[in-house]
Each structure stands twice: as C-alpha cells, then as structure tokens.
Amino acid sequence: MIEVRRHNAGFCRDCFLLHCREQVRKAIDEFDMIRPGERVLVAVSGGKDSLALWDMLLALGHDVDGLYLGLGIDEYSDESGRYARSFAAARSLRLVEIDLPADVGFDIPTGSRIARRAPCSACGLSKRHLFNQAAVDGGYDVLATGHNLDDEAAVLFGNVLRWSTEYLGRQHPVLPAGGGFVRKVKPLVRLGEREAAAYCVLAGIDYQVEECPMAAGNRHLGYKEALNAIEDQSPGSKHAFFFGFLDKASALFSPEAAAEREHLQACASCGTPTTGDVCAFCRLVERARR
Ligand code: Q46
Ligand code: ZN
6 MIEVRRHNAG FCRDCFLLHC REQVRKAIDE FDMIRPGERV LVAVSGGKDS
56 LALWDMLLAL GHDVDGLYLG LGIDEYSDES GRYARSFAAA RSLRLVEIDL
106 PADVGFDIPT GSRIARRAPC SACGLSKRHL FNQAAVDGGY DVLATGHNLD
156 DEAAVLFGNV LRWSTEYLGR QHPVLPAGGG FVRKVKPLVR LGEREAAAYC
206 VLAGIDYQVE ECPMAAGNRH LGYKEALNAI EDQSPGSKHA FFFGFLDKAS
256 ALFSPEAAAE REHLQACASC GTPTTGDVCA FCRLVERARR
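Under the working numbering, the sequence shown has 129 at position 124, and the numbering climbs by one with no breaks.
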C-alpha cells in the first residue's frame, strides 16, 4: 500500500501508477501544455523525475523523444548518461544527446570556475539554452522538464523570501512559445518528489539515485528541507502554497515579466533573444573556453 498523505489516500501498485498518470494528465489539461499531435522533447537527466515523466507521457499517448545533456560532472555524469540511455534502449525510444565538453567546449565544474559563476548557475543557464536549441533544431513543439511540486514550491519559496518579482512573474507550469523559444512545460507539478520515486520503483524504471555532487549546500536544498518540515506538520502545504500562488498572485507579477520580454533583441552571436548584445550563454561559453 502506498500512502499519499497530501491526498489522505492509500493506493495499491496499479492504482498508484494510474493516480500518478492522472495527475500528469490533469496538469497537461489544466494548463493546456500539450495539444493533440504535437511533438514533445523531454529533457532527461537519468534521475527519477525525468524518467518517470517520459514514461508517463508515453503511457498517456504522447509523441515523445528524450534529450540528454552530458554536463561533464565526473562519474555523476557518466552514470546519469548510462541510466538515460538504457531507459531509451530498453523501450526503443529516440534519445537526442548533447555533450557539453565535447560539443560546446567546457564542463560545468571547470566552466563555472573560469567564468566565476556558481556551478548551478552556469549549469541552469547552459540547460535553458541548449534544451531550447535542441527543441528548435529538432522541430519539436514542446519542451518538457521533470520539475515536480517540491521543486516548484522550493523555487517559489526562494523567490518570495527575496521578493524577486521578475522571477515570480515567470514562474508558471507553462511558458508560451515565441521569439525563438519553444513552449516549455512542467507536467509533474501536481506530483511530489516521493511520488515520482515510488512511481519509478513500481513501474520498474531504473534511475540514478545519487544526487548531483554540485547541489550540496545550495540554497534550493535548504528551501526544500524547510518546506518538508512544514509539510510533515501539515500535509498539503506545498500544494496549497504553489497552486494558491498560481490562482491568487501570479497574475500580479506577470506584467513585469511581459515588459522585460518586450526589450529582448537577438544575440549577436547565436540569435537567441536577450537583453544585451550577446546572450549570457554565449558570454559563458566565451569565458569558459578561454
Ligand atoms: S545538475 Fe546542474 Fe543541478 Fe548539478 S550543477 Fe546544479 S543545476 S545540482 S538540477
Ligand atoms: Zn547567444
């Protein structure tokens, strides 16, 4: 029996798998994430969330290929690539691969050091850019990522703590396509981290359990721990926090994000929309390659 305290419910194996897929289907419908016939590219890291998401999207009948980005983080990246590849191979799925060191010229640990950026900041920037590029190049309509309810609640918590209004205006399970960006969706927003892990175990999905070594001690993990303590006392808090924000507050911040989008121009080097002449990713690549 799998207990989900947030829903005050217990499930057997088959009902739990159906429950998870149903939550994903609901998120897709509620936020109009994927329309019939659209081609989806899902970014997979080899971890539980993204592989569960790929599996669930296929089970729901979507046309989905995978995208794996090798970050060059020592054995962690070697192992994560193996999990992503074996998931795809066992199910005869298409996995698009990009290797940051081989294809772009730097790995996250060295690149971030040289560019004097925190590893997760250099990594996030690289992912955003390369995921979008791969989706555009492959002619996909939608890019899906495995961010779950715990991730979104923790990001929201951090943005609220600092009142980062420009980020609050952009925090949504769907970012529409436009100006060189494909639509970005987060179909796992209705599922918690533990549900994604339980889904993998029950669906027979082998995933990388080890977390990225670069995450240790970062703020995001601290926010997750704080929210876990609250959730323990009061199940449903994360859901109420995040979905309450979407219902009641998110629209208040969107004009600021929209105004920012109006000032974008094409990067002189790669053409991606940016606020400056050259986008942050191209500047990172330039510095890291030096
Ligand atoms: S992979 Fe990249 Fe994460 Fe590792 S370097 Fe940080 S952002 S922790 S999701
Ligand atoms: Zn650029």
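C-beta atoms are modelled at their ideal positions from N, C-alpha and C, and glycine is treated no differently.
Query: Leucine 154 Cβ short of 8 Å to the ligand Q46 heavy atom set; Result: no
Query: Ordered list of beta strand (DSSP E) runs contained in the stretch 106-189, each at least 3 residues; Result: 147-149
Query: At least 3 beta-carbon pairs within less than 8 Å: the stretch 168-184 vs the stretch 132-139; Result: no
Query: Straight-line gap, leucine 56 to cysteine 205 (C-alpha atoms, nearest Å); Result: 8 Å
Query: CB-CB length for leucine 130 against alanine 285, believed under 8 Å; Result: 6 Å
Query: Near the ligand Q46: serine 50 beta-carbon under 8 Å from a heavy atom; Result: yes
Query: For alanine 95, three-class secondary structure by DSSP; Result: helix
Query: Proline 240 in three-state terms, based on DSSP; Result: coil
Query: Residue environment, proline 192, which counts as buried when at least 16 other CB atoms sit within 10 Å; Result: buried
Query: Whole-angstrom C-beta distance between leucine 22 and leucine 154, which should lie under 8 Å; Result: Incorrect: roughly 18 Å between the Cβ atoms, too far for contact.
Query: Beta-carbon proximity list for arginine 292, same chain, < 7 Å, skipping 5 on both sides; Result: Ile119, Ala120
Query: Cβ distance (whole Å) where proline 114 is taken to contact proline 106 below 8 Å; Result: With a Cβ gap of about 10 Å, proline 114 and proline 106 do not count as contacting.
Query: beta-carbon isoleucine 103 near the ligand Q46 non-hydrogen atom, thresh 8 Å; Result: no
Query: N- and C-terminal bounds of the alpha helix (DSSP H) containing tyrosine 204; Result: 198-208
Query: Distance, arginine 26 Cα to isoleucine 103 Cα; Result: 29 Å
Query: Straight-line Cα distance separating serine 97 from arginine 87; Result: 15 Å
Query: Neighbouring residues (CB closer than 5 Å to any heavy atom of the ligand HEM); Result: Among the ligands modelled here, namely the ligand Q46 and the ligand ZN, the ligand HEM does not occur.
Query: Nearest-angstrom Cβ-Cβ length linking leucine 62 and valine 47, presumed shorter than 8 Å; Result: 6 Å
Query: Completely contained beta strand (DSSP E) runs for the stretch 10-67, where each covers 3 or more residues; Result: 14-16, 44-48
Query: Glycine 42 Cβ short of 8 Å to the ligand ZN heavy atom set; Result: no
Query: Start-to-end residues for the alpha helix (DSSP H) that takes in valine 290; Result: 285-294
Query: Own chain residues within Cβ distance below 6 Å of alanine 89, not counting five before or after; Result: Val49, Gly51, Tyr73
Query: Contacts around alanine 263, its chain only, beta-carbon distance under 6 Å, and the 5 residues preceding and following it disregarded; Result: none
Query: Rounded C-alpha distance that separates leucine 226 from serine 242; Result: 17 Å
Query: heavy atom of the ligand ZN below 8 Å from serine 239 C-beta; Result: no
Query: Span separating the alpha-carbon of aspartate 83 from that of leucine 76; Result: 9 Å
Query: heavy atom of the ligand ZN below 8 Å from phenylalanine 286 C-beta; Result: yes
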